[in-house]
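Accompanying notes for the structure given below.
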Ligand code: HEC
Ligand code: HEC
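Numbering (this note's numbering), first residue to last: 809 to 978.
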């Protein structure tokens, strides 16, 4: 009887380990199936830190999506090799280039006009201004504010063609 109990314990132990391992393998497998595998080292970062971790980079990208009310493909071009995928390092879309300028601008505003007034304990964590502060879930805040009538008088739809002009030039 005693031996049987020990054997039973041993077998159930093995059973549990096998179950855990197979669950883990299943999880890793289903992740790979999403067909999404960008990893550091990054190929084409010009403003973000080159050694940024995957979690931090994707966190930022999700934040851009939500702040502008867009999806990844608003800034990232479709892959020429596999049109079902995005080519993240590719710079073909002007939106990506505008976004680079916006990232720089936002960093500079925090650096120059907010950090000096938030000395300690962690000035590097001062990000008072971020995309959503202006964008509020829309890609063009000027257009959005113009819908509020008197609050934003300077908006002129005829002047709102800067992006298109830049694209024509290309
Ligand atoms: C508002 C525009 C914008 C959106 C939306 C956006 N990205 Fe980006 N993404 C950028 C910019 C700009 C860069 C390059 C930053 C730089 O030059 O430092 C970049 C870089 C990347 C890179 C690094 C590519 C490399 O190797 O150089 C990956 C990966 C990436 N984005 C994934 C995503 C994913 C996934 C999403 C959707 C969840 C997304 N991005 C949404 C603007 C955007
Ligand atoms: C200080 C306010 C402000 C902040 C902060 C800001 N933006 Fe913008 N952004 C604007 C305005 C205003 C426009 C529209 C410019 C125009 O009228 O052409 C714009 C336009 C854009 C566009 C082009 C949209 C289009 O299709 O015309 C992108 C992309 C963009 N911003 C990305 C970002 C990202 C990403 C961040 C955060 C890193 C950010 N912006 C932070 C004010 C801001």
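Think of the CB as a built atom: it goes at the ideal place given N, C-alpha and C, for glycine as much as any other residue.
For residue i: DSSP bridge partner residues
| i | result |
| --- | --- |
| residue 886 | 894 |
6 angstroms CB neighbourhood of residue i in its chain, flanking five on each side removed
| i | result |
| --- | --- |
| residue 772 | Not covered by the structure: residue 772. The range shown for the chain is 809 to 978. |
| residue 850 | none |
| residue 897 | 851, 852 |
Burial state of residue i (16 or more Cβ within 10 Å)
| i | result |
| --- | --- |
| residue 941 | exposed |
| residue 887 | exposed |
| residue 875 | buried |
Same chain only: Cβ atoms within 8 angstroms of residue i, ignoring 5 sequence neighbours per side
| i | result |
| --- | --- |
| residue 919 | none |
| residue 853 | 860 |
| residue 949 | 942, 943 |
| residue 834 | With a pLDDT of 49 at residue 834, under the threshold of 50, the modelled position of that residue is not reliable, and the figure given next carries that caveat. Excluding sequence neighbours, residue 834 sits near nothing in its chain. |
| residue 858 | 849, 850 |
7 angstroms Cβ shell around residue i - same chain, five flanking residues per side excluded
| i | result |
| --- | --- |
| residue 879 | 873 |
| residue 862 | 847, 848 |
| residue 902 | 971, 974, 975 |
| residue 908 | 854, 855 |
Nearest neighbour of residue i, chosen from the options [CA to CA]
| i | options | result |
| --- | --- | --- |
| residue 893 | 966, 900, 884 | 884 |
| residue 906 | 868, 925, 947 | 947 |
| residue 978 | 899, 966, 931, 951 | 899 |
What ranges does the alpha helix (DSSP H) occupy inside the region 890 to 954, keeping only unbroken runs of at least 4 residues that lie completely in it? 902 to 917, 939 to 943, 949 to 954
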